[in-house]
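Asker:
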Amino acid sequence: MLGLEKKDFRLLLIVIGLTMFAPFILNPFPEGSEMAQFNAGYPDLMQRFVIFGIFAIGFNILFGLTGYLSFGHAAFLGVGSYAAVWMFKLLSMNVLPAIILSVIIAGLFSLIIGFISLRRSGIYFSILTLAFAQMSFALAYSVLTPITGGETGLQLALDDPRILGVSQTESGNIPVPALFGLEMRSSYELELGAWLFTFNAGYYLAAFFMILSFYLAIRIFRSPFGMMLRAIKSNQTRMSYTGLNAKPYTLAAFVISGMYAGLAGGLMASMDPLAGAERMQWTASGEVVLMTILGGAGTLIGPVLGAGMIKYFENIFSKINETILHGWFAFLPDGLENFVVALIYPFIGKGWHLTLGIVFMLVVIFLPGGLVQGGQKIMGLFRRKKPEPTKPNATEPAE
Amino acid sequence: MGILEVKGINKRFGGLQALGDVNLSVAENTTHAIIGPNGAGKSTLLNVLVGKLIPDSGSVMFDGQSVLGRKPHEINQMGISRVFQTPEIFSDLSVFENVMIPCFAKRDGAFRMHAIESIFAERGIQEQAEAILEDVNMLEKKDMIASSLSRGDKRRLEMAMCLVQDPKLLLLDEPTAGMARADTENTINLLKEIRQKRGITMAIIEHDMNVVFSLAERITVLAQGTPLVEDTPDNIKGHPKVREAYLGEAQV
């Protein structure tokens with residue numbers, strides 16, 4: 235199907251299903267109930283899930299396949315955002331040209347940075363990319379203020395010279411990003427009993443792009459090109475003595491993943507038309523590394539899972555505060571209640587990084603293959619209960 | 004005029020003359036062994052041939068073209084494949100993928116983006132890969148991850164990866180180093196078979212005299228970076244100069 239093996243096609247269908255029904259899946263608890271704070275089905279967070287999913291899928295093409303650990307990928311995301319906002323300012327509020335330009339600009343930018351950084355490998359490559367990203371951040375923050383808006387970030391204004399479109403709406407507001415008239419922020423709300431489900435136009439646009447990115451990633455993973463990238467990770471000596479030039483392969487992977495990051499940046503700006511330098515900071519680059527490793531570097535679905543998990547932690551765990559905790563443990567005797575709350579408190583609210591750090595450590599130590607490996611282990615437990623199929627020739631005959 | 008012509012190669016590492024005025028001619032369709040005591044410059048010479056080292060002076064012509072200044076992958080594309088002392092394979096990949104990669108390298112050259120094509124799209128590539136695995140008796144292991152193979156199997160896999168490219172010249176760097184007796188015998192048989200079936204020219208560096216005398220048709224003896232003598236195996240065995248420099252200690 236669509237040029238995919240059966241197994242990959244099934245995976246694609248699962249991803250399509252999950253993203254299309256995400257407003258239902260992420261809102262399992264009725265509105266107004268105690269558990270409603272664990273609902274993640276609101277547009278802003280759902281958009282972040284899929285956008286960071288795209289970012290991580292792209293990063294995985296570089297890191298997961300070739301093993302080159304870039305610590306500066308946020309720079310491409312930031313550049314993509316700036317390009318998209320400039321497109322809104324100068325051309326039109328339609329998101330398509332903005333997204334296309336952000337992909338192109340991020341691609342060109344990653345071509346330059348990749349060309350220089352890929353002269354080295356291993357830790358030196360990582361440091362070079364980190365240096366470039368921090369340089370871009372510093373430039374965007376100060377020297378390039380006319381282009382980037384500096385500290386305040388790049389925003390739309392009432393006097394933008396929009397060539398195809400109006401500078402202001404009739405009511406004197408800044409127009410909003412839209413896809414041929416369909417506003418990105420427009421949502422349809424569906425009430426089913428106590429449940430409230432929100433279907434947001436922006437989310438579905440981003441989800442469409444994520445599915446497309448995911449499909450492309452599968453094709454790349456299963457292509458001769460993808461195999462060469464894995465060969466680079468495995469043994470560069472044999473690679474060159476097999477008549478293959480590793481450098482253009484790695485550069486191509488670098489540019490492709492840079493374009494994915496640009497797409498994510500463009501989508502981010504399309505959801506909310508502003509771009510700030512902090513999107514390029516090294517913490518943002520580190521985040522996508524965490525996502526990919528947490529989910530499972532080199533696996534297809536892993537980065538998406540990792541992105542989802544980190545964004546969920548960031549947005550849901552960080553919202554639990556002391557009052558909520560007291561509410562949960564109100565049934566305990568007073569002294570014990572305070573004790574339990576004091577025990578859990580460092581791990582929630584502002585302490586969500588601590589929880590994430592512990593989860594990350596556990597995953598890296600016990601599941602080096604990430605969440606995907608965890609899933610496979612659980613599946614394996616279920617399978618083992620069935621009679622094991624006889625292995626053909628487990629022992630090799632001596633020759 | 005041989006397929007490989009090495010003329011007047013010099014290479015110094017600081018104060019050490021690793022290669023001094025080395026001349027070597029490997030005739031097409033022969034097995035040519037290069038032997039010599041430790042430090043004779045065998046590995047340096049090999050590294051010059053594959054483009055890993057650039058000599059200070061001299062020329063290396065392969066099939067009528069100079070190889071000097073070319074990168075290893077360019078030299079490989081000219082038709083020189085190399086088998087390493089410790090097998091260099093793609094250990095994280097399956098055996099089948101290991102042999103498919105050289106198939107694609109042969110079809111596409113040093114770089115080509117085939118990002119959308121499926122690995123299995125071209126039937127011919129699969130058949131080639133399967134045929135070569137059949138030849139080295141490894142077809143039933145094609146789905147194994149290469150790192151889990153035994154040392155002998157890794158060697159055979161590496162050989163298959165080189166052979167599937169149909170090289171004009173196969174360079175072997177101590178192909179039986181560190182092998183058990185049985186594995187050594189297997190490798191000798193495999194190399195003999197390759198030689199007979201495919202008619203590939205081979206240049207082999209080896210310590211094990213048993214291996215050298217069962218395979219080589221010509222032998223060059225290197226000592227202290229200079230070729231001492233070049234002759235047939237029978238003449239080499241009895242050559243007084245060689246005995247003095249090298250074989251004396253080995254008691255052949």
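As they're listed, the protein sequences go chains G and F.
For our numbering, count along the first sequence from 1 and bump the result up by 234.
For our numbering, count along the second sequence from 1 and bump the result up by 3.
Beta carbons are placed, not taken as given, at the ideal position from N, Cα and C, and that holds for glycine.
Just so you know, these numbers come straight off a predicted model, no measurement behind them.
For Phe-455/G and Asp-146/F, I'd like the C-alpha separation in whole angstroms.
Answerer: 18 angstroms
Asker: Which value, in whole angstroms, describes the spacing of the CA atoms of Gly-585/G and Ser-552/G?
Answerer: Going by the C-alpha atoms only, they are around 7 angstroms apart.
Asker: Does the contact criterion of 3 or more C-beta pairs under 8 angstroms hold for the region 509-516 of chain G versus the region 467-485 of chain G?
Answerer: no
Asker: Extract the residue ranges of the beta strand (DSSP E) inside the region 405-446 of chain G, only unbroken runs of 3 or more that lie entirely within it.
Answerer: 421-426, 429-434
Asker: Is Tyr-494/G near Pro-277/G, with beta carbons less than 9 angstroms apart?
Answerer: no
Asker: Give me the Cβ distance between Ile-285/G and Ala-440/G, rounded to the nearest whole Å; I'm assuming they're in contact under 8 angstroms.
Answerer: 5 angstroms
Asker: Give the DSSP-derived three-state secondary structure of Ala-451/G in the structure shown.
Answerer: helix
Asker: Consult DSSP for Pro-178/F and reduce its assignment to one of helix, strand or coil.
Answerer: coil
Asker: Residues in the region 367-391 of chain G with C-beta within 8 angstroms of chain C's C-beta atoms, listed in sequence order?
Answerer: In the structure shown, chain C cannot be found, because the protein chains are G and F.
Asker: List, in order along the chain, the chain G residues whose C-beta lies closer than 7 angstroms to that of Ser-151/F?
Answerer: Those within 7 angstroms of Ser-151/F in chain G number zero; the least Cβ separation is about 11 angstroms.
Asker: Would you mind telling me which residues of chain F sit closer than 7 angstroms to Asn-479/G, beta carbon to beta carbon, in chain order?
Answerer: His-76, Ala-113, Phe-114
Asker: Short of 6 angstroms in beta carbon distance, which residues of its chain neighbour Val-593/G, apart from the five on each side in sequence? Order them along the chain.
Answerer: Cβ-Cβ distances below 6 angstroms link Val-593/G to nothing in the same chain once the five nearest sequence neighbours on each side are left out.
Asker: Going along the region 453-470 of chain G in order, which residues come within less than 9 angstroms of chain F, judged by CB to CB distance?
Answerer: Arg-453, Ile-454, Arg-456, Ser-457, Pro-458, Phe-459, Gly-460, Met-461, Met-462, Arg-464, Ala-465, Lys-467, Ser-468, Asn-469
Asker: Can you tell me whether DSSP reads Glu-548/G as helix, strand or coil?
Answerer: helix
Asker: Looking at Met-162/F: is its Cβ nearer than 9 angstroms to the Cβ of Val-86/F?
Answerer: Contact check for Met-162/F against Val-86/F passes: the beta carbons are separated by less than 9 angstroms.
Asker: I want to verify the contact list: residues of chain G whose CB lies under 8 angstroms from the CB of Phe-107/F, in sequence order.
Answerer: Pro-458, Met-461, Met-462
Asker: Where does Glu-233/F fall in DSSP's three states?
Answerer: strand
Asker: Could one say the Cβ of Thr-533/G lies closer than 9 angstroms to chain F's Cβ atoms, at least one of them?
Answerer: At a cut-off of 9 angstroms, the C-beta of Thr-533/G has no neighbouring C-beta in chain F.
Asker: Near Gly-384/G, which residues of its chain fall below 7 angstroms by C-beta distance, leaving aside the five closest residues on each side in sequence?
Answerer: Tyr-375, Ser-376
Asker: If we require 4 or more residues per run, which alpha helix (DSSP H) segments fall completely within the region 282-357 of chain G?
Answerer: 308-324, 329-351
Asker: What three-state label does DSSP hand Asp-242/G in the structure shown?
Answerer: helix
Asker: Quick one: does Leu-173/F have its CB under 9 angstroms from some CB of chain G?
Answerer: no
Asker: So Ser-474/G contacts chain F; which residues on that side make the cut at Cβ distance below 8 angstroms?
Answerer: Lys-74, Pro-75, His-76, Asn-79
Asker: Taking the beta strand (DSSP E) that His-35/F falls in, what are its first and last residues?
Answerer: 34-38
Asker: If you count every other CB in all the chains shown that lies within 10 Å of the CB of Tyr-302/G, and 16 or more means buried, which is it?
Answerer: buried
Asker: If you scan the region 96-184 of chain F from start to end, which runs of the alpha helix (DSSP H) of 4 or more residues do you find wholly inside it?
Answerer: 98-111, 126-138, 154-166
Asker: Tell me which residues share the same chain as Leu-71/F and place their Cβ nearer than 6 angstroms to its Cβ, disregarding the 5 neighbours each side in the sequence.
Answerer: Val-63
Asker: Which partner residues does Glu-268/G have in the DSSP bridge list?
Answerer: According to DSSP, which records beta bridges pairwise, Glu-268/G is partnered with nothing at all.
Asker: Which same chain residues end up closer than 7 angstroms to Met-502/G when comparing Cβ atoms and leaving out the 5 residues on each side of it in sequence?
Answerer: Ile-285, Ser-315
Asker: Leaving out five residues before and five after Leu-424/G in sequence, what residues of the same chain have Cβ atoms less than 6 angstroms from its Cβ?
Answerer: Phe-431
Asker: Counting C-beta neighbours from all protein chains within 10 Å, is the total for Val-598/G 16 or more, i.e. buried, or is it exposed?
Answerer: exposed
Asker: What does the alpha-carbon distance come out to for the pair Asn-192/F and Pro-75/F?
Answerer: 29 angstroms
Asker: Can you give me the C-alpha to C-alpha distance between Asn-457/G and Ile-128/F, rounded to a whole angstrom?
Answerer: For the sequence presented, residue 457/G should be read as Ser rather than Asn. Taking the straight line joining both Cα atoms gives about 13 angstroms.
Asker: Using the Cβ count rule (16 or more neighbours within 10 Å means buried), how would you classify Ser-447/G?
Answerer: With 16 or more other Cβ atoms from the protein chains shown falling within 10 Å of its own Cβ, Ser-447/G counts as buried.
Asker: Tell me whether the beta-carbon of Thr-363/G lies closer than 9 angstroms to the beta-carbon of Phe-414/G.
Answerer: no
Asker: Looking at chain G, is there any beta carbon in it that lies within less than 9 angstroms of the beta carbon of Val-53/F?
Answerer: yes
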